[in-house]
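Just so you know, the protein sequences line up as chains A and B, in that order.
Residues 1055 to 1537 (this note's numbering) make up the first sequence, in order.
Residues 47 to 711 (this note's numbering) make up the second sequence, in order.
The beta-carbon is built from N, C-alpha and C at its ideal position, and this holds for glycine as well.
Down below is the structure, laid out as structure tokens.
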Amino acid sequence: MPEQISARVRMYRHGLGDCILVTFKNDHGNQGNQQLFHMLFDCGIYKITRDSEEKMQAVVQAIHAETNGHLDVVVITHEHWDHTSGFQQAQQLWSSFIIEELWLSWTEDPGIPLSRALHEERVRGVRNLTDFLKKLTPEQRRQIMTEQELGTVNALLSSFGTMLEQPLAAIETTPAGDAINIIKKITKSASYHRPGTTITHNALPGVRFHVLGPPQDGLIFKEGKDSKSGTIFEVGFQSAIAQGLFAAPSLGMSDENEIERFMPFPSELRLLPAQVRELNFYERTYYHNEQHWREIETDWLRSSIGLALNLAADTNNTSLVLAIELVSSEKVLLFTGDAQVGNWLSWQNLPWPEGSPRQSADLSWSNDLLRRTVFYKVGHHGSENATLKDNGLRRMSKGELVAMIPLDMQLATTVWDTKKWPHPPLLKELLTYTGGRVIVADPTDTLPPTLPEGSEYQRDQALQIQKGTFTVTNTHIDCIVQG
Amino acid sequence: MINELRDEKPKRRNKLSLTPAPIYRCLRGYAFDPILSLDPETAFINEVVFKIRWDDLEPRAISNEEPALENDWRKNPGLGPVGEYVEVVDYDPASNAFYAPINLNDPWLLGQNGLPPSEGNPQFHQQMVYAVAMTTITSFERALGRWALWAPYRGSDGRPDQFVQRLRLYPHALRQANAYYDPKKIAILFGYFPAKPADPASTLPGGTVFTCLSHDIIAHEITHALLDGMHRRFIEPSNPDVLAFHEAFADIVALFQHFSFPEVLHHQIGRTRGDLSSQNLLGELAQEFGKASGRYGALRSAIGQFNPETKRWEPYKPDPGALERTLEPHARGAILVAAVFDAFLRIYSNRVADLMRIASNGSGILAPGALHPDLVNRLADEAAKAARHVLQVCIRALDYCPPLDITFGDYLRAIVTADYDLVPDDDRHYRLAFVDAFRRRGIYPRGLRTYSEESLRWPEVQEPRVIAQALKKIGQDLLAEAYRDTPYYRSREEAFNRTHQMRERLHELIEQRFNTHEIDIEQHKLTGIVLTAKHPFFDEHPHNGGIEFKDGLPKFEVHALRTAQRATPDGTIESDLIVVLTQQRRVVDPQSGATITFRGGVTLILNAYTYDLRYAIRRDITDDTRLNNQLSLSNTYGSGSIADTYFHNPPGSQNPFALLHDSNS
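Shown next, in the form of structure tokens:
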């Protein structure tokens, strides 16, 4: 008979970023000899936050006080600054911790060629995009994107810890990745996890950690073998296109060879614009006095916006997803990092673990876990694309579910060019599925000032329900999942 | 009639010559895209000859000057190609280069049907986009019985809409795996990119893929431009079907154009033994693009897809629930494409049922082995005919659509009505095939009790008679004025400008004659727009419900005026006059605080000789339920792309007609 375990989830209210401490405790244990098991999910804050170092140091101090500087497991879900910055910003404090284990997704494993390649692509993508934006004159920038779009692209870049004003210094990694390396040095052992596996821990036999994502197949990356070398993998269709884009001669980002490699036709077929301007054909067409509105000088540069989006989203999709099962009560706590739809969809294809007594032909393994999910750390700060609806939220345990959203609402609506955080239709659905037991980490409030139209609860009603479910202090929010 | 198709016969060169002018200009090109030329099985069918109307290109006749020399394009104005409808401008801004325009009137090229297909010669790329563009435009004009017009240019200085004679085609405009029609520039921008195949054997890794060499991509984007020229409001996503319809329609045209290549058709009929519902090239789109971007097969298919798990191609099964779950425009559009293709397959198999019985000695089961070539010929004829009919009715149905806020259900009703008008006696059960295929995919028109052909047809206008009478009188007066000077138009520009004047006159006539309270109430039932300040709508809505006024009257627009000709199977020519009236409300979204435009309006179809009103297909401006649906659309969970997460106006929304939207690839 497995022992009865309950879990306390503590979400810190430091700003826009994830830092969540999960503490497991044995309910029937001898009072004097009670063992606590501390597990930390991420530790970061959004790049453009005022006093972010002070804020993160305060959080890490609080974690130290709570855990006596001993963490059984640290999980870093993915390489984004708002999930890793605290490891760097409070580096001094971390050196006084004892961290037994660090869990990362297989995409961070330097021993896997595909992971290495992914990593290189990511760094190259961030660097190229930053270089590219810096190369443009303000006039050119204005032509290809609005001020708001530029702000958003910059914000997307900052999710790696870099900025236009503050480009990538290191060649090998992004600042967000550097922060992971700091913890790697402190921890006793780092391990990398693949979907479909289950982690158990000697100190905590009543709990199973099921790894659901990131997927290993083409749902997020296309994986093609180079038949000649046999080992090198080609990663990312997007990055190949980006290479071609950034090799354009007018950008001056590449050498002659690279430029020529991506030219569609040999030089003898190319005519320089200055050569043709005066010619009759072009005076009648492209350079016609009344046809300037049809010119295409800068349209091709707009695809850089898509590249920025893809870089950020692809990294979100490498999030390590853990479904934590409390064995005796069969309850599940779900932590998805910032996994986007592609990651969620891939869980459906995971086979049942061998010999599982729950195995059924009518239900997939992930849906069985979702069905028993009573706690959900809302993915990607409550954005539109990081919580799957069918085969996602709608499969979770309606009525029992509790949800926490690590989000600074004020900041999110100013840095992203939209007023949708948390995404109102998602919040509405969360309110329904949790029976009002959903809370936002925002430092000043725990719900948006107005709830989405058609929500099942009035705002004061929902706040009342929050009081009965969560313990809220100025620095954190607690929620207990009984075993 | 206004806007009739030009019927000028090409002229002889001069009095002394007896040589008639050619009818067609023949140009070589790919039936699909370059990838099929790499496969020995398909290489020989992939090169086809497009027949383009001869008189399209400038100069209309070949001069008697010396044969064009290599550098002749520097002074010859008839290059590009630049024709009546399109102009190819080969500028590659990313490479900081122009590529010299091809001279299709060069005797060396005339003597060999244009350049041979080649990926390495940009002039062949120009020829390819031109040939496919013209083929697509021609099939559009044939079906509609009038000239194709592009969307007008709307300058920023408040000038009236200007005629745009030529759609501009940029074959090498972008360094990305994409192509799009830009409605602001009235131009199509094609991209090129390095290939990243999932299966390196299928295409050359690192080789350059040109979207302007894909028949399907060109036809798809040209169709976006043609549809935008006809229905400007189909760009506004007031319900989830609107943009999906744009995508679906563009795919439908590209797909059915495959059947116009006899070599391809014969080959595929032979290979599938006449069963076109099995995997075949005809039912798939953008082979090379799909493979080069890491997919295992074509970009899209109307009949089935490769399953990466089983490593097999599997046919789609109609899923009535898919429509509710699928909101991304391309994916949602694919449901409509599958429905139309399913209808085609049904029609085809009805048409060949007797042939199959004859060939199988009545058993219905063909003997193993290759089909007899005569049978292949007959099957191919039937397939080509069925495809032509289906494409025609799909295009013609555009005239029977509401002017805005279209749904798939509306389109089904438009198809059924358009086909009924053309062939009242449905002895080959075409309409049944459409109705059944749509029903099996859960496409239901709003507010219908039954799903019979009769109830699906737009109702013929019975009431209110008084308004129909008034419209008839207006039509007679308007046309009497219009044709006093010119019985027909000599150019597309003249058609555009004169139609513009007639729309203004029609606006005046409607304002004058529908100006009393009683008439307004009655005409609103028919048109869905309101024309007087006393309409009860204004009592019920503060701030006039967002409708603007001018000179004390609610503003409205005569959005379009056009004629449609159709030749019925019994040889008579029918002609309709189509009048589109629209109106708009500016409404504040209580959720986001943004102001949105909500539109209403009507497509009126009148007999062009008697001016009897036949159909009124309307969207009521006073319909607050529809308004609320439109408002809640932007507040639905699970509909957005990744770009929607970060951008209030996602960058893709500026190019709604991209082949792929960012972060979908």
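- With a cutoff of 8 angstroms on beta-carbon distance, D297 of chain B and L259 of chain B are scored as not near each other.
- The residues D297, E330, L331, A332, G336, H376, A380 and V383, in chain order, have a CB closer than 8 angstroms to that of R346 of chain B in the same chain once the five nearest residues on each side in sequence are set aside.
- The C-alpha of V94 of chain B is placed about 27 angstroms away from the C-alpha of F144 of chain B.
- Shown here for D523 of chain B: same chain residues with a beta carbon closer than 7 angstroms to its own, the five before and five after excluded, namely L555 in chain order.
- Non-local beta-carbon contacts of T88 of chain B in its own chain, meaning distances under 6 angstroms to residues more than five positions away in sequence, involve L82 in chain order.
- Annotation: Cβ neighbours of F239 of chain B in chain A (cutoff 8 angstroms, chain order): A1294, I1295 and G1298.
- For the 8 angstroms CB-CB criterion, M1450 of chain A and K1431 of chain A do not form a contact.
- Within the same chain, and ignoring the five residues on either side of A197 of chain B in sequence, the residues whose Cβ sits closer than 8 angstroms to its Cβ are V210, P229, I232, A271, D274, G275 and R278.
- Excluding residues up to 5 positions away in sequence, F1300, L1305, M1307 and S1358 lie with their Cβ nearer than 7 angstroms to the Cβ of F1186 of chain A in the same chain.
- Look at M1217 of chain A: its C-beta is not under 8 angstroms from any C-beta on chain B.
- A Cβ-Cβ distance of about 6 angstroms is found for the pair L502 of chain B and V481 of chain B, placing them in contact under the 8 angstroms criterion.
- For A1362 of chain A against L1210 of chain A, the beta-carbon gap comes to about 4 angstroms, under 8 angstroms, which counts as contact.
- Among the bridge pairs identified by DSSP, L73 of chain B is matched with B:F96.
- Cα atoms of A1061 of chain A and L1156 of chain A: separation of roughly 20 angstroms, rounded to the nearest angstrom.
- With a cutoff of 8 angstroms on beta-carbon distance, F280 of chain B and T257 of chain B are scored as not near each other.
- Closest in alpha carbon position to E1454 of chain A, among A:P1192, A:E1384, A:H1477 and A:L1075, is A:E1384.
- A Cβ-Cβ separation of about 17 angstroms leaves W100 of chain B out of contact with I148 of chain B under the 8 angstroms criterion.
- The alpha-carbon separation between N1439 of chain A and A290 of chain B amounts to approximately 20 angstroms.
- Ranked by Cα distance from Q208 of chain B, the options B:R200, B:R214 and B:L215 are led by B:R200.
- Below the 7 angstroms Cβ cutoff, chain A contributes I1350 and D1353 as neighbours of L235 of chain B, in chain order.
- Here F1214 of chain A is not bridged, per DSSP, to any residue.
- CA-to-CA, the gap between T1427 of chain A and D1136 of chain A works out to about 25 angstroms.
- T668 of chain B has its alpha-carbon roughly 17 angstroms from the corresponding atom of N285 of chain B.
- Going by DSSP, G646 of chain B is part of the beta strand (DSSP E) stretching over T641 to N653.
- At least one C-beta of chain A is nearer than 8 angstroms to the C-beta of R371 of chain B.
- In the DSSP assignment, C1533 of chain A is bridged to A:V1063 and A:F1524.
- Between L437 of chain B and S185 of chain B, the alpha-carbon positions lie close to 9 angstroms from each other.
- In this structure, B:D287 is the residue among B:G592, B:D287 and B:V134 with its C-alpha nearest to the C-alpha of E374 of chain B.
- For N1080 of chain A, no alpha helix (DSSP H) encloses it; the enclosing beta strand (DSSP E) starts and ends at I1074 to N1080.
- For V462 of chain B, the closest Cβ of chain A is not nearer than 8 angstroms.
- DSSP links L331 of chain B through a beta bridge to B:R346.
- For W1347 of chain A, the nearest CB of chain B lies under 8 angstroms from its own CB, placing it at the interface with that chain.
- Not a single C-beta of chain B is nearer than 8 angstroms to the C-beta of F1214 of chain A.
- Here the alpha carbon of D1499 of chain A sits roughly 15 angstroms from the alpha carbon of Q1515 of chain A.
- The contact set of M1307 of chain A on chain B, defined by CB atoms closer than 9 angstroms, is empty, because the minimum CB distance reaches about 12 angstroms.
- At a cut-off of 8 angstroms between beta carbons, F1186 of chain A makes no contact with chain B.
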